[in-house]
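Residues are numbered in this note's numbering as their position in the sequence shown, beginning at 1, plus a constant of 841.
Even for Gly, the Cβ is constructed at its ideal location relative to N, Cα and C.
Here the structure is a predicted model, which is why all the values come from computation and not from measurement.
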Amino acid sequence: MDLSSIPQYIQVVLGIGLVIFVHESGHFFAARWCGVRVHVFSLGFGPRLMSWTRGHTTYQIAAVPLGGYVRMAGDEGSESDGGEPEPWELAAKSVPQRFLIYSGGVLSNVLFGLVVFPILFLLGIPSFEPITGQVEAGSPAWHAGVEPGSRVLQVNGREIYDITQVSSEVAYGGSDPVELLLRPPGSETTRRVLLEPRFDDQMGLFTIGRLGPAADRAAPLFVAPGSQAEQAGVVDGDRLLGVTGVSAALSPQRQLALAMDTEEPISLRLERDGEELLVQVEPRELKATGRPLLGVQPLVNLVTGLRADQAAEAMGLEVGDRVLRIDGQSVDRTSDILNLLFASPGPHAWQVSRAGDAVALSSPALAPAAALALLDSIAFEADMLGARVAVLPRSAADKAGLRSGDLLEKIDGTAVNEYDDIRQAAVLAGRQGRAMEIDIARARVGQAPEFLSLSVLPAAYARSDYGLGIKAARYDYTVSHVPRALSLGVSSCYDMLRDVARTLSGILRQEVSEENLGGIITIGVIAKQTADIGLVKFFWFLCLLSLNLAFLNVLPIPLLDGGHLFFLAVEGIKGSPVNERIMSYSQLVGLVLIVSLFVFVIYNDLSMHVFN
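The structure is reproduced here in structure tokens:
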């Protein structure tokens, strides 16, 4: 653990403790206001770490920081010898009073958001500019013509101030259509776009495609402490002017991405304090981690979508085509196409596979901007139904002699039909710690394929890292008028409570994957991330956490506040308490539900943040 992060970790512990304190204080003050004695006010469960007693109440901090509790007089039956509840006991109070006591925690959590949110809006909440970054090719947003650099003003009529609100609103809405109000880049007019979300299996929710955040147009760099970039002399905040050897027609962000994709030394043109600098950065090979891998990926050359573009229409490219070569050079991924189109003005000869047949196409001579427009009008995806592979540099496959574009025909004597066959064979060989015997066909321009047999021992892959990137476009969303801040505070609380409800509803309707649920580890990770940004963003997250806690506690699950409220409502309707036997069985069911949910979210936490 980085020692410089210790203050943030302390802040996380205190912040989560504050949310728990707010919740339990609601129960405490409601009980005292109704005349009920409180025996214990505890932050945490299990053995006490420290405590003090004042009046009838022992205040303590316990060892397990997974919540807290307030133990009231009469919680576990009457304390009097005669069996009748004493006036200061919970059971002696009326149904409305007990209802207030059990709902006190929920009300306090909501009140916390209503009080803190307006203050945060007045101070300024660190946010991502509501501007689209690179729009995911082939996505609903891409097909609708949403351009990079578009300012998103509204989502389904709701004004937004952060681009991440778009994906959240889409996910919470499930399969419902989404309407965006946009201002395209360089335009003063707005346009409305109606989109049909699609389910993303990898993310486990509905999406219109990844839209951002957008890179800062000034192209300032962030530099990781101790990284290769820092050692080479790059300073955090340096402005990237370009990358030597990459077309200046591309944005600085795209130039940097293309250069780092090679995993070779890169030469950066920087501006610092008005002075231009040239700095060379070499990648650092990270420690090899994870399970043994073959070190190949499917080719990203399958055309899955086309947008209107004069050059693309003229050349006759079709959905389902596999782009094999351009000007005789093999195509493994979209960056190869971009590099080949920019290598010469053209025309360019394309070789594609269409329904198993080789088809020759040609693109005309194009200026850099037109070549970029051509590429941006084509959506490519990984060819999972093919057996040609791209080889990762320095991987086990690379060291054994495999090359990008090789066709894997057999592995250990078994025919390979699609990429998943390769993946499964590699996983099995890695578990068994043995080499894979691979028969390949290597294409040769103007000649018959070359057939080879190679032996590859899967090994953990060591990725490389430069330790730099372009900062996202950020700003502080600030409101200058108190009434407006109060209004935003109320609407933010309502929206967050509604979003929790829509998330649970989406899980029940199978429109949101249950794998998106997280527990204490996820809470800690996100809390640390927001603490790194600043105190305002951290308190924004605490408001989110507080409102989530309020909603979950009001659910009618026995043992939770909502379970008590449900049984009190039944008692109020029927005029007598719920049968104790029914209460006992329901609490057992509630315990099983809570423990099961706890185990499930911890499993999700470990899968996401520990085992990755």
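Among the options, the one whose alpha carbon lies nearest that of residue i
| i | options | result |
| --- | --- | --- |
| Gly-1014 | Gly-1404, Ile-1049, Pro-989 | Ile-1049 |
| Gln-1273 | Arg-1132, Arg-992, Ala-1155, Asn-1180 | Arg-1132 |
| Ile-972 | Ala-872, Tyr-900, Pro-1054, Tyr-1307 | Pro-1054 |
| Val-1353 | Val-1064, His-880, Met-1156, Gly-1045 | Gly-1045 |
| Ser-1245 | Thr-1255, Ala-1231, Asn-1258 | Ala-1231 |
| Tyr-1302 | Gly-1067, Asp-1402, Leu-1127, Gly-1227 | Leu-1127 |
| Pro-1205 | Ser-1387, Pro-1188, Gln-1072 | Pro-1188 |
| Lys-1251 | Lys-1240, Ala-1267, Ala-1237, Asp-1239 | Ala-1267 |
| Tyr-1260 | Met-1277, Phe-1063, Gly-1227 | Gly-1227 |
| Phe-1382 | His-984, Phe-1221, Ile-966, Tyr-1335 | Ile-966 |
| Gly-1310 | Gln-1069, Val-854, Leu-1434 | Gln-1069 |
| Ala-1090 | Ala-1184, Arg-1148, Ala-1073, Leu-1118 | Ala-1184 |
| Ile-857 | His-868, Trp-874, Val-905 | Val-905 |
| Glu-1150 | Gln-1170, Ala-1214, Tyr-1307, Ile-861 | The residue you asked about is not Glu; residue 1150 is Asp in the sequence shown. Answer by Cα proximity: Ala-1214. |
| Ile-942 | Asp-1402, Tyr-1426, Phe-1441, Val-1430 | Asp-1402 |
| Asn-1394 | Gly-945, Asp-1253, Ile-851 | Gly-945 |
| Ile-851 | Ala-1391, Phe-1441, Ala-1372 | Ala-1372 |
| Val-1120 | Pro-1106, Asp-1114, Leu-994, Gly-1169 | Pro-1106 |
| Glu-970 | Ser-1218, Arg-992, Gln-1094 | Arg-992 |
| Leu-1207 | Ile-1279, Leu-1388, Asp-1173, Ala-1155 | Ala-1155 |
| Asp-1217 | Arg-1032, Val-1331, Leu-1147, Pro-1299 | Leu-1147 |
| Val-957 | Ile-1263, Ala-1326, Ala-1282, Ile-1398 | Ala-1326 |
| Leu-1036 | Arg-1163, Ala-1012, Leu-1338, Ser-1176 | Ala-1012 |
| Gln-901 | Gly-909, Ala-1284, Gly-908, Met-891 | Met-891 |
Where the alpha helix (DSSP H) through residue i begins and ends
| i | result |
| --- | --- |
| Leu-1022 | Run containing Leu-1022: none in the alpha helix (DSSP H); it sits in the beta strand (DSSP E), 1019–1024. |
| Val-1366 | 1361–1374 |
| Tyr-1335 | 1323–1349 |
| Pro-928 | Counting along the chain, Pro-928 falls outside any alpha helix (DSSP H), and DSSP gives it neither H nor E. |
| Ala-1241 | 1237–1241 |
| Val-1087 | Neither: Val-1087 is in no alpha helix (DSSP H) and is coded neither H nor E. |
| Gly-1413 | 1402–1415 |
| Gln-1121 | Here Gln-1121 belongs to no alpha helix (DSSP H); instead the beta strand (DSSP E) covers 1116–1122. |
| Ala-1152 | 1151–1156 |
| Glu-1112 | Element bounds for Glu-1112: not the alpha helix (DSSP H) but the beta strand (DSSP E), 1107–1113. |
| Glu-1071 | 1069–1073 |
Per DSSP, the bridge partner or partners of residue i
| i | result |
| --- | --- |
| His-868 | DSSP output for His-868 lists no bridge partner at all. |
| Phe-1292 | Ala-1282 |
| Thr-899 | Val-881, Thr-894 |
| Leu-1181 | DSSP, once it has assigned bridges, lists no residue as partnering Leu-1181. |
| Ala-1267 | BP columns for Ala-1267 are empty, so no partner. |
| Gly-1431 | DSSP, once it has assigned bridges, lists no residue as partnering Gly-1431. |
| Tyr-910 | Ser-883 |
| Asp-1306 | Arg-1125 |
| Ala-1056 | Ala-1313 |
| Ile-1063 | For the record, residue 1063 in the displayed sequence is Phe; it is not Ile. Answer is Gly-1310, bridged to Phe-1063. |
Nearest-angstrom beta carbon gap, residue j and residue i [assumed within contact, 8 Å]
| i | j | result |
| --- | --- | --- |
| Asp-1057 | Lys-1312 | 5 Å |
| Asp-1340 | Ser-1009 | 7 Å |
| Ala-872 | Met-913 | 5 Å |
| Gly-1233 | Gln-1138 | It should be noted that the sequence gives Leu, not Gly, for residue 1233. Yes, Leu-1233 and Gln-1138 are in contact; Cβ-Cβ is about 7 Å, under 8 Å. |
| Thr-1145 | Gly-979 | 5 Å |
| His-868 | Val-936 | In fact, because the Cβ distance is near 17 Å, the residues do not count as touching under 8 Å. |
| Asp-1446 | Thr-1363 | 5 Å |
| Leu-1082 | Glu-1112 | 6 Å |
Extent of the continuous beta strand (DSSP E) to which residue i belongs
| i | result |
| --- | --- |
| Pro-1139 | 1137–1139 |
| Pro-888 | 879–895 |
| His-984 | Note, His-984: premise wrong, no beta strand (DSSP E); alpha helix (DSSP H) at 981–984. |
| Tyr-1302 | 1300–1302 |
| Arg-1095 | Premise fails: Arg-1095 lies in the alpha helix (DSSP H), 1093–1102, not in any beta strand (DSSP E). |
| Tyr-1316 | 1315–1318 |
| Ala-1276 | Careful: Ala-1276 lies outside any beta strand (DSSP E) and carries neither H nor E. |
| Gly-967 | Going by the sequence as given, residue 967 is Pro instead of Gly. Here the beta strand (DSSP E) through Pro-967 covers 966–969. |
| Thr-1048 | 1046–1048 |
| Gly-1146 | 1143–1147 |
| Ala-1257 | The displayed chain sequence assigns Val, not Ala, to residue 1257. Neither: Val-1257 is in no beta strand (DSSP E) and is coded neither H nor E. |
| Val-1230 | 1230–1232 |
| Gly-1480 | Limits of the chain in this structure are 842 at one end and 1453 at the other, which puts residue 1480 out of reach. |
| Ala-1220 | 1219–1222 |
| Ile-1252 | 1248–1252 |
Near the ligand MG: residue i beta-carbon under 7 Å from a heavy atom
| i | result |
| --- | --- |
| Phe-1382 | Among the components modelled here there is no ligand, and therefore nothing to report on the ligand MG. |
Segments assigned alpha helix (DSSP H), at least 4 residues, entirely inside the region 991–1015: 1005–1014
Let me know the beta strand (DSSP E) ranges lying completely inside the region 1183–1213, each 3 residues or longer, listed in chain order. 1189–1195, 1198–1204
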